[in-house]
Amino acid sequence: MLVQYEDNVFINCPFDQEYKPIFDAIVFTVYDAGFVARCALEISDATQNRFEKIVKIISESKYGIHDISRTELDPINSLPRFNMPLELGLFLGCRKFGGRKHSMKVCVILDKEAYRYQKFVSDIAGQDIFSHDNDPRKAVEKVRNWLRTASKRANIPGGAKICERYTAFEKDLPMICKALNIETRELTFVDFTHVITEWLKVHTI
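Take a look at the structure:
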């Protein structure tokens with residue numbers, strides 16, 4: 000993948016089915032705002048372990064979106080998921096110790112409830128932390144507003160407009176998938192981002 004540091008947005012979030020509506024909405028928002036979404040799902044190289052993949056993507060991304068809303072105990076192991084806090088720590092560590100280029104990194108932290116983070120990861124107080132209430136539309140608005148503030152780019156559509164466009168994209172998605180001979184449920188992250196970029200070429204603002 001062509002490295003575009005100033006445009007790349009690393010997305011660190013849950014990948015379960017329950018979270019997927021929020022994840023898909025965030026990915027669309029990133030592209031509609033003129034950026035490129037990056038996450039561990041983009042690489043399927045078996046010679047590279049997951050940690051190395053994440054480190055590489057973080058090193059290639061100026062921006063980071065970190066959702067720490069999945070802290071519940073796993074029903075099988077009775078242990079919490081620590082992947083998201085770990086990747087957030089990697090991003091913050093890269094900003095702190097990665098040299099001049101990485102010192103300009105910026106990130107936003109999302110959770111499902113306001114101030115909930117104070118109960119399990121209070122050391123991140125002082126970062127940009129916003130609640131989406133498990134609502135994709137709120138996630139769109141929070142991410143859009145953060146990208147506008149962090150990047151200073153004036154051509155980013157408003158949150159309501161992006162939500163409107165995402166609704167239109169969702170309606171078109173089954174037809175697009177049919178033309179590509181692929182089931183909507185089969186879309187990989189690479190497929191999904193390709194479909195978004197092609198749709199945006201036609202539906203310019």
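Sequential numbering of the sequence shown, starting at 0, is according to numbering that gives the first Met the number 0.
A virtual CB, placed ideally from N, CA and C, is assigned to each residue, including glycine.
Contact annotation: A32 and L186 have beta-carbon atoms that are not nearer than 9 angstroms. For T28, the closest C-alpha among the options I161, F50, E169 is that of I161.
Among the bridge pairs identified by DSSP, V8 is matched with A36, Y62. In this chain, the beta strand (DSSP E) harbouring F129 covers 128-130. Straight-line measurement puts the Cα of V105 at about 27 angstroms from the Cα of V194. By the Cβ-count criterion, D132 is exposed, with fewer than 16 other Cβ atoms from all chains shown falling within 10 Å of its own Cβ. A distance below 6 angstroms between beta-carbons, with the five flanking residues on each side excluded, links N7 to the following residues of its chain, in chain order: V35, R37, E59, S60. The alpha carbon of S68 has as its nearest neighbour, out of N48, A113, I42, the alpha carbon of A113. Residue pairing from DSSP places I108 in a beta bridge opposite H65, I128.
For T166, the enclosing alpha helix (DSSP H) starts and ends at 158-178. By a beta-carbon distance limit of 8 angstroms, A39 does not contact A138. Their separation comes to about 19 angstroms.
Exposure of H202 is indicated by the presence of fewer than 16 other C-beta atoms within 10 angstroms of its C-beta.
Taking 9 angstroms as the cut-off, the beta carbon of V189 is found no closer than this to the beta carbon of I64. For I155, the closest of L172, I204, K111, I108 by C-alpha to C-alpha distance is I204. In the three-state reduction of the DSSP assignment, L146 falls in the helix class, which pools H, G and I. 9 angstroms or more divides the Cβ of P135 from the Cβ of I10.
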